[in-house]
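Asker:
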Amino acid sequence: MSLLNNLMAHPIDEGYAVAARTGSAGKQTRSRHRVMLVVAAAVLGFLLAVAAAQNYRSAPEAEKQRKELITRIDQADNRLTELRNNQSRLADEVRRLQASGLSNDSTGAALQQKLDDLELQTGAIAATGPGLKAVIDDAKDADAKEGRLLDVDLQQLVNGLWTSGAEAISVNGHRITSLTAIRGAGSAITVDYSSLTPPYTVLAIGDTATMPARFAQSSGGQWVQYLVSNFDVRMTITTEDSLLVPADATIALRYAKVRTR
1 MSLLNNLMAH PIDEGYAVAA RTGSAGKQTR SRHRVMLVVA AAVLGFLLAV
51 AAAQNYRSAP EAEKQRKELI TRIDQADNRL TELRNNQSRL ADEVRRLQAS
101 GLSNDSTGAA LQQKLDDLEL QTGAIAATGP GLKAVIDDAK DADAKEGRLL
151 DVDLQQLVNG LWTSGAEAIS VNGHRITSLT AIRGAGSAIT VDYSSLTPPY
201 TVLAIGDTAT MPARFAQSSG GQWVQYLVSN FDVRMTITTE DSLLVPADAT
251 IALRYAKVRT R
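The sequence shown begins at 1 in full-length UniProt numbering and counts up by one.
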């Protein structure tokens with residue numbers, strides 16, 4: 001009788017009731033998760049919309065400031081070029097006056113010759129003569145990682161020309177001296193703190209009979225040849241009967257000493 005009474009009182013097994021309660025709680029939990037996801041998506045969308053609106057409103061002002069900055073940079077570059085030209089003109093005038101003052105006797109002439117030799121070595125005056133002309137450029141399809149020339153590549157090229165017997169070198173019209181820096185600035189290469197754009201024209205005055213072979217055997221020449229063979233860097237080297245390597249417009253007297261007799 002107890003079994004019959006239990007069946008009549010609990011017609012459904014307890015396991016079904018537990019499963020029903022668990023399922024109801026799970027549905028409530030999933031429902032809360034969906035609501036939270038919808039709220040989070042709405043907040044994220046609102047923030048993105050606000051950011052886009054702010055960028056849209058500030059874009060004209062940012063472009064205006066960018067153009068103004070570019071204009072100021074161009075004006076500063078033009079002013080720097082003007083000052084360097086003026087400095088070169090005044091330096092030439094000083095040399096003419098100096099030469100006229102030292103040409104009165106044999107001692108003065110000897111001093112002038114020694115001064116000319118020292119100025120030529122330091123890059124204070126322009127140099128002319130036969131030599132090598134190297135034009136080097138990025139690969140035709142260069143990207144940010146391969147095929148683009150770096151400052152170290154130009155340094156190796158210049159050092160290779162020095163070791164091959166060059167007496168005076170310039171890169172895109174900038175005289176290379178012991179005070180000249182070849183560095184990278186972002187994606188550009190600077191020589192004497194002036195940004196250059198490829199192709200780079202390197203002039204080296206020296207003995208054309210020996211310089212080509214010595215350059216090819218130097219570490220700088222082998223470095224550049226490796227770039228040409230493996231990264232499609234473009235370079236041509238020719239011998240020239242007459243080259244003009246300009247003076248360093250930025251060179252200035254930094255130290256002087258009175259010579260006692």
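Note that CB positions come from ideal geometry on N, CA and C, so glycine has one too.
Going straight from the alpha carbon of Ala-209 to that of Gly-101, what length do you get?
Answerer: So the alpha carbons of these two residues sit roughly 39 Å apart.
Asker: Should Ile-251 be labelled buried (16 or more other beta-carbon atoms within 10 Å of its own) or exposed?
Answerer: Buried.
Asker: Any contact of the region 164-178 with the region 195-208, i.e. 3+ C-beta pairs under 8 Å?
Answerer: Yes, the region 164-178 is in contact with the region 195-208.
Asker: Leaving out the 5 sequence neighbours to the left and right, which residues in its chain are closer than 7 Å to Gly-165 when beta-carbon positions are compared?
Answerer: Same-chain partners within the cutoff: Gly-206, Asp-207, Thr-210, Met-211, Arg-214.
Asker: So, helix, strand or coil for Val-171, using DSSP?
Answerer: It is a strand residue.
Asker: Along the chain, where does the alpha helix (DSSP H) containing Pro-130 start, and where does it finish?
Answerer: Unbroken run through Pro-130 is the beta strand (DSSP E), 127-137; no alpha helix (DSSP H).
Asker: Are the CB atoms of Gln-156 and Val-224 nearer to each other than 9 Å?
Answerer: Result yes, Cβ atoms of Gln-156 and Val-224 sit closer than 9 Å.
Asker: Quick one, which of Ser-58, Pro-198, Ala-42 has its alpha-carbon nearest Asp-151's?
Answerer: The candidate whose alpha carbon is nearest that of Asp-151 is Pro-198.
Asker: Residues in the same chain with beta-carbon distance under 6 Å from Thr-163, minus the five sequence neighbours each way, listed in chain order, please.
Answerer: Excluding residues within five positions, the ones whose Cβ falls inside 6 Å are Ser-218.
Asker: Just mark Gly-221 as buried or exposed, buried being the case when its beta carbon has 16 or more other beta carbons within 10 Å.
Answerer: Buried.
Asker: Determine the burial state of Asp-117: buried for a count of at least 16 other Cβ atoms within 10 Å of its Cβ, exposed for fewer.
Answerer: Classification of Asp-117: exposed, given that the 10 Å Cβ count is below 16.
Asker: Taking only the alpha-carbon atoms, compute the straight-line gap between Val-191 and Asp-241 and give it to the nearest angstrom.
Answerer: Approximately 26 Å between the Cα atoms of the pair.
Asker: Among Asn-230, Gly-184, Ala-124, Thr-128, whose alpha-carbon lies nearest the alpha-carbon of Ser-178?
Answerer: The residue with the shortest Cα to Cα distance from Ser-178 is Ala-124.
Asker: Over the uninterrupted beta strand (DSSP E) stretch that includes Gln-177, give me the two end residues.
Answerer: Here residue 177 is Thr; the residue named in the question, Gln, does not match the sequence. That residue, Thr-177, is in no beta strand (DSSP E); it is neither H nor E in DSSP.
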